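S.K.: Protein chains in written order, with the working numbering: chain A, 245 to 318; chain B, 594 to 860. Ideal Cβ placement from N, Cα and C applies to all residues, glycine included. These figures come from a predicted structure and were not determined experimentally. First the structure, then my questions, so here it is.
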Amino acid sequence: MATHTLDITKEHCPMTFVKTKIKLAQIAEGDILEVILLEGEPLKNVPKSATEQGYNVLDVSHVEGNIYKVTIKK
Amino acid sequence: MFDFSEEEIYRYSRHILLKDVGVEGQDKIHNAKVLSVGAGGLGSPVILYLAAAGIGTIGIIDGDVVDLSNLQRQVIHFTKDVGYSKALSAKEKVNAINPHVNAIAYKDFLRADNAMDIIKEYDFIVDATDNFPVKFLINDACVMVNKPFSHGGILQFEGQTFTHVPGSSCYRCLFDSPPPPDLVPTCAQAGVLGAIAGMLGTIQAAEVLKYFTGAGELLTDKLLTFNAKNMDFKKISIKKRDNCPICSEHPTITKLIDYEQKTCEFK
Numbered sequence: 245m246a247t248h249t250l251d252i253t254k255e256h257c258p259m260t261f262v263k264t265k266i267k268l269a270q271i272a273e274g275d276i277l278e279v280i281l282l283e284g285e286p287l288k289n290v291p292k293s294a295t296e297q298g299y300n301v302l303d304v305s306h307v308e309g310n311i312y313k314v315t316i317k318k
Numbered sequence: 594m595f596d597f598s599e600e601e602i603y604r605y606s607r608h609i610l611l612k613d614v615g616v617e618g619q620d621k622i623h624n625a626k627v628l629s630v631g632a633g634g635l636g637s638p639v640i641l642y643l644a645a646a647g648i649g650t651i652g653i654i655d656g657d658v659v660d661l662s663n664l665q666r667q668v669i670h671f672t673k674d675v676g677y678s679k680a681l682s683a684k685e686k687v688n689a690i691n692p693h694v695n696a697i698a699y700k701d702f703l704r705a706d707n708a709m710d711i712i713k714e715y716d717f718i719v720d721a722t723d724n725f726p727v728k729f730l731i732n733d734a735c736v737m738v739n740k741p742f743s744h745g746g747i748l749q750f751e752g753q754t755f756t757h758v759p760g761s762s763c764y765r766c767l768f769d770s771p772p773p774p775d776l777v778p779t780c781a782q783a784g785v786l787g788a789i790a791g792m793l794g795t796i797q798a799a800e801v802l803k804y805f806t807g808a809g810e811l812l813t814d815k816l817l818t819f820n821a822k823n824m825d826f827k828k829i830s831i832k833k834r835d836n837c838p839i840c841s842e843h844p845t846i847t848k849l850i851d852y853e854q855k856t857c858e859f860k
């Protein structure tokens, strides 16, 4: 069970979730994806969208400043 | 498996966002080969939307040339294309919309002697024709070689469509054979509201994309009809016939037939 990281701090909605979905599609079932994103729209939307589409959001944590980490299990 | 470029990810982002499509669905769309029989009223929206969607290979068969009277509804062709091959005109538009699509033009009509060779190269066939003989030909050829297809027909303000997959009811389950000549519309009855070609062809394009992605339920064993005058849409259940001459266990039709088109040769 591997852990992968994806930085989407430079993306804008809806490409934030597009990039998250692409990474999730590339990793193995059961793997963990840590998504690094900005507060505001990305933080509000990415965990919500992932949950809506059937992924398991394990954790949302503050990294530093306006940067957050969303942990998703495939 | 999928290996989309950044440009493709961005281009197809609105598909990728859909739960029922996603990257996996877009990859299936990318690997799909679809044949549009006809590049006219129905073929225009079918080909345009499938090209935009990123269908990997789109075959376009049409032996006709663009006529000025086509432009009222055949939106893939432009005024400058009058007199030019419809198949080539459509192919050029496909390349302009989406260079990732491999468009193959056949400047020919589908007939009993070429149908099998062409159809066998594709995963899904779209009936975008305007005459009964070819509708029966597409049905028979697809049933014989187990290919799915979308049937479509429009006239005046009305349209009808259904989707066939191997094992579901076919066009001959609905209609045994082409209608007698006196029931085929005459020249005066051959008018068509341009926009209904878009309405019906777009439904066919959506069925193709649903077929490849597995999203939702196809129009199999259901005939969708609409009348644009009052915007009534109806879905009628259709049943596979035990005595269907082509798709039953003991078919009476075992080879392809070129029926005669008895109507006036309207454009």
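Over the uninterrupted beta strand (DSSP E) stretch that includes Lys317 of chain A, give me the two end residues.
M.R.: Numbered from 1 along the first sequence, position 73 holds the residue referred to as residue 317 of chain A. Element bounds for Lys317 of chain A: Ile311 to Lys317.
S.K.: Taking the continuous beta strand (DSSP E) assigned at Val777 of chain B, which residues delimit it?
M.R.: For the purposes of this step, residue 777 of chain B is taken as the residue at position 184 of the second sequence. Val777 of chain B -> no beta strand (DSSP E), and no H or E assigned at all.
S.K.: Measuring only between beta-carbons, confirm whether Ser606 of chain B sits less than 8 Å from chain A.
M.R.: Numbered from its first residue, the second sequence carries residue 606 of chain B at position 13. At least one chain A Cβ lies under 8 Å of Ser606 of chain B.
S.K.: Quick check for students: name the residue ranges of the beta strand (DSSP E) that lie wholly in the segment 776 to 853 of chain B, counting only runs of 3 or more.
M.R.: Within the segment 776 to 853 of chain B, the complete beta strand (DSSP E) runs of at least 3 residues are 815 to 820 and 825 to 830.
S.K.: May I have the straight-line CA-CA distance separating Gly647 of chain B from Ala696 of chain B, to the nearest angstrom?
M.R.: Position 54 of the second sequence, counted from the start, is the residue given in the question as residue 647 of chain B. Position 103 of the second sequence, counted from the start, is the residue given in the question as residue 696 of chain B. Computed Cα separation, rounded: 11 Å.
S.K.: Report the CB separation of Ile276 of chain A from Lys317 of chain A in whole angstroms; it is logged as a contact under 8 Å.
M.R.: As a working mapping, residue 276 of chain A is identified with position 32 in the first sequence. As a working mapping, residue 317 of chain A is identified with position 73 in the first sequence. Correct: roughly 6 Å between the Cβ atoms.
S.K.: Can you name the residues of chain A whose CB is closer than 7 Å to the CB of Gly787 of chain B?
M.R.: Residue numbering aside, residue 787 of chain B sits at position 194 when the second sequence is read from its first letter. Residues of chain A passing the Cβ test: none, with the nearest at roughly 34 Å.
S.K.: Quick one: give me the first and last residue of the beta strand (DSSP E) that Thr264 of chain A is part of.
M.R.: The residue given as residue 264 of chain A occupies position 20 in the first sequence. Unbroken run through Thr264 of chain A is the alpha helix (DSSP H), Met259 to Gln270; no beta strand (DSSP E).
S.K.: Using a Cβ-Cβ distance under 8 Å, would Leu635 of chain B count as near chain A?
M.R.: Here the question's residue 635 of chain B lines up with position 42 in the second sequence. It does not: the Cβ of Leu635 of chain B has no partner Cβ on chain A nearer than 8 Å.
S.K.: Which term fits Ser662 of chain B, buried or exposed, when burial requires 16 or more other beta carbons within 10 angstroms of its beta carbon?
M.R.: Position 69 of the second sequence, counting from 1, holds the residue named residue 662 of chain B. Ser662 of chain B comes out exposed.
S.K.: Starting from Gln753 of chain B, follow the beta strand (DSSP E) in both directions and report where the run begins and ends.
M.R.: Taking the second sequence and counting its residues from 1, one reaches residue 753 of chain B at position 160. First-last of the beta strand (DSSP E) with Gln753 of chain B: Glu751 to His757.
S.K.: Could you say which of B:Lys803, B:Ile718 and B:Ile831 lies nearest to Glu617 of chain B if we only look at CA atoms?
M.R.: What you label residue 617 of chain B is simply residue 24 of the second sequence in a count that begins at 1. Looking at the Cα atoms, B:Lys803 is the closest of the given residues.
S.K.: Cβ closer than 9 Å: which chain B residues qualify as neighbours of Pro321 of chain A?
M.R.: Absent from the model: residue 321 of chain A. The displayed extent of chain A is 245 to 318, so no value can be given.
S.K.: What span of residues does the beta strand (DSSP E) with Lys739 of chain B cover, start to end?
M.R.: Stepping through the second sequence from its first residue, residue 739 of chain B is reached at position 146. Here the sequence assigns Asn to residue 739 of chain B, which means Lys is not the residue at that position. Asn739 of chain B -> no beta strand (DSSP E), and no H or E assigned at all.
S.K.: Tell me the start and end of each unbroken beta strand (DSSP E) in the segment 675 to 725 of chain B that is at least 3 residues and wholly inside, in chain order.
M.R.: Runs found: 695 to 699 and 717 to 720.
S.K.: State the beta-bridge partners of Glu308 of chain A as determined by DSSP.
M.R.: On the first sequence, residue 308 of chain A is found 64 positions in, with the first residue counted as 1. Note: Glu308 of chain A sits in a beta bridge opposite A:Ile311.
S.K.: Please classify Leu610 of chain B: does DSSP put it in a helix, a strand, or coil?
M.R.: By one-based count along the second sequence, residue 610 of chain B stands at place 17. In this structure, Leu610 of chain B counts as coil in the three-state DSSP scheme.
S.K.: Under DSSP, the alpha helix (DSSP H) around Ile622 of chain B begins and ends at which residues?
M.R.: Within the second sequence, residue 622 of chain B is the residue found at index 29, counting from 1. Counting along the chain, the alpha helix (DSSP H) containing Ile622 of chain B begins and ends at Gly615 to Asn624.
S.K.: Hey, is the segment 677 to 693 of chain B in contact with the segment 724 to 739 of chain B, meaning 3+ C-beta pairs nearer than 8 Å?
M.R.: Judged by Cβ distances under 8 Å, the segment 677 to 693 of chain B makes no contact with the segment 724 to 739 of chain B, as fewer than three pairs qualify.
S.K.: Suppose you measure from the CA of His757 of chain B to the CA of Asp814 of chain B; what does that come to, to the nearest Å?
M.R.: Working through the second sequence from its first residue, we reach residue 757 of chain B at position 164. Working through the second sequence from its first residue, we reach residue 814 of chain B at position 221. Each residue's alpha carbon lies about 8 Å from the other.
S.K.: So which of B:Ile711, B:Tyr852 and B:Ser743 has the shortest CA-CA distance to Ala799 of chain B?
M.R.: Walking along the second sequence from the start, residue 799 of chain B turns up at place 206. Selected option, being the one with the closest Cα: B:Ser743.
S.K.: Here's the rule I'm using: 16 or more other beta-carbon atoms within 10 Å means buried, otherwise exposed. How should Lys860 of chain B be labelled?
M.R.: On the second sequence, position 267 is the one that residue 860 of chain B refers to. Residue placement at Lys860 of chain B is flagged as unreliable, the pLDDT there being 48, under the threshold of 50; the coordinate-derived value follows with that caveat. Answer is exposed; the Cβ neighbour count stays below 16.
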